[in-house]
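Counting from 523, one number per residue, gives the positions in the sequence shown under this note's numbering.
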Amino acid sequence: MKKLFLLMMAAVSLAPAAFAKYETDNEDGGFGIKGGVGLSTIYFKDQDDNFKDLKTKINVAGFLDLSYEIRLHKVFALEPGVVVAVKGAKRELVVPISEDKIKFTTNLQTVDIPLHLKFYIGDHFNIYTGPYVSFITSAFGRYVRRDKDGKKLEDETGVNIMKDKYKDVDGNRPYKRVDAGINLGLEFVTKKGFIVGGRVNQGFIDLTNDDYKGYIGSDAFIFPGDGKWAGNTAFQVYIGGRF
């Protein structure tokens with residue numbers, strides 16, 4: 523994130539040269555399709571002591587991005603889009619006394635709607651940023667428990683905890699349906715329209731529903747919000763094309 527910020531500052535300083543020099547066969551914009559890999563996690567801020575031993579790790583999954591670039595100038599462009607992605611996190615815990623190891627995995631399937639403002643530097647590079655709204659369509663989880671010797675004791679998987687059957691007695695769901703945040707990215711675009719890029723996206727909304735009391739049977743897939751802020755963070759790399 524810090525490096526991308528520094529690149530944005532450098533881009534601003536190079537603006538006069540960019541206006542004078544820019545030429546490309548793709549200066550009219552157009553439709554784009556991009557696909558890649560996202561490294562995501564859920565950041566739990568200021569956890570209570572009950573959850574201090576939970577270690578949150580990276581979750582790796584794919585995404586598909588459809589967009590349309592609208593050139594406002596030789597240097598500036600707007601790009602609305604739709605991104606279908608899998609986000610989420612892995613969490614691990616060692617149980618005191620028994621030393622059992624528990625691993626929680628949650629895959630949040632989302633549909634993101636971003637609006638990016640792009641700033642082109644020279645013929646091929648652009649830096650972009652902008653807000654996005656994200657809709658969580660499903661949340662599939664897995665819960666695995668092993669003893670200290672590695673023997674599997676429990677393994678539950680494939681449950682979509684956003685279904686109505688997993689609401690608590692008050693009708694609350696474990697996760698909120700809507701997220702919102704900001705993207706910051708860097709792209710390289712060839713004259714033929716081939717795209718390589720990467721971006722960071724950060725959610726601003728607490729995803730976990732702190733009023734959720736759990737459902738009858740098991741709450742193994744629930745990442746405890748414990749009254750604290752918990753939001754999506756992801757780094758995405760991709761390739762694609764514009765036509």
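Built from N, CA and C at the ideal position, the CB exists for glycine as well.
Backbone CA spacing between residue i and residue j [nearest angstrom]
i	j	result
D645	L615	49 angstroms
N731	F757	24 angstroms
E678	K612	15 angstroms
A752	L600	30 angstroms
K543	F647	Caution applies to K543, whose pLDDT of 41 falls short of 50 and renders its modelled position unreliable; the model cannot decide the point.
V759	G554	15 angstroms
T755	K640	21 angstroms
V608	G557	12 angstroms
V559	K577	22 angstroms
K713	L588	19 angstroms
N694	K579	27 angstroms
P602	E621	49 angstroms
L561	N581	6 angstroms
F598	Q724	23 angstroms
Neighbour-count burial assignment, residue i, 16 or more Cβ in a 10 Å radius
i	result
H595	exposed
V711	buried
V633	exposed
G703	buried
V691	exposed
E709	buried
V617	exposed
Cutoff 6 angstroms; reference residue i; Cβ partners in own chain excluding five residues on either side
i	result
K673	none
I761	V718
D547	With a pLDDT of 46 at D547, under the threshold of 50, the modelled position of this residue cannot be trusted; read the value that follows with caution. Within the same chain, D547 has close Cβ partners K713.
E676	R667
Delimiting residues of the beta strand (DSSP E) encompassing residue i
i	result
N731	Looking at the DSSP string, N731 is not in any beta strand (DSSP E), and its letter there is neither H nor E.
L586	N581 to R593
I619	Element bounds for I619: n/a, residue is neither H nor E.
I704	V700 to V711
N754	A752 to R764
G663	F647 to R668
N671	The displayed chain sequence assigns Asp, not Asn, to residue 671. Element bounds for D671: n/a, residue is neither H nor E.
Nonlocal neighbours in the same chain, by C-beta distance under 7 angstroms from residue i, ignoring five residues either side
i	result
R699	F657 and I658
K625	K612, E614 and V666
I635	V604, Y654 and V655
R721	N705, L706, G707 and Q758
F726	A702, G703 and G753
L729	I564, Y697, K698, D701, A752, G753 and N754
Among the options, the one whose alpha carbon lies nearest that of residue i
i	options	result
N629	L708, I683, D728 and G557	I683
S660	G680, G707 and N705	G680
P653	L706, R664 and Y697	L706
D669	D686, I619, N694 and I635	I619
I564	R721, Y697 and L708	Y697
G663	D686, D733, Q631 and Y650	Q631
A583	F598, K623, V606 and V597	V606
D671	K623, D728, G610 and L729	K623
Residues near residue i by beta carbon distance below 8 angstroms, same chain, minus five either side
i	result
G552	Y590, E591, G715, R764 and F765
D550	R593
F585	G557, G558, V559, G560, V605, V606, A607, V608, Q758 and Y760
T651	M530, H638, L639, I704, N705, L706 and G707
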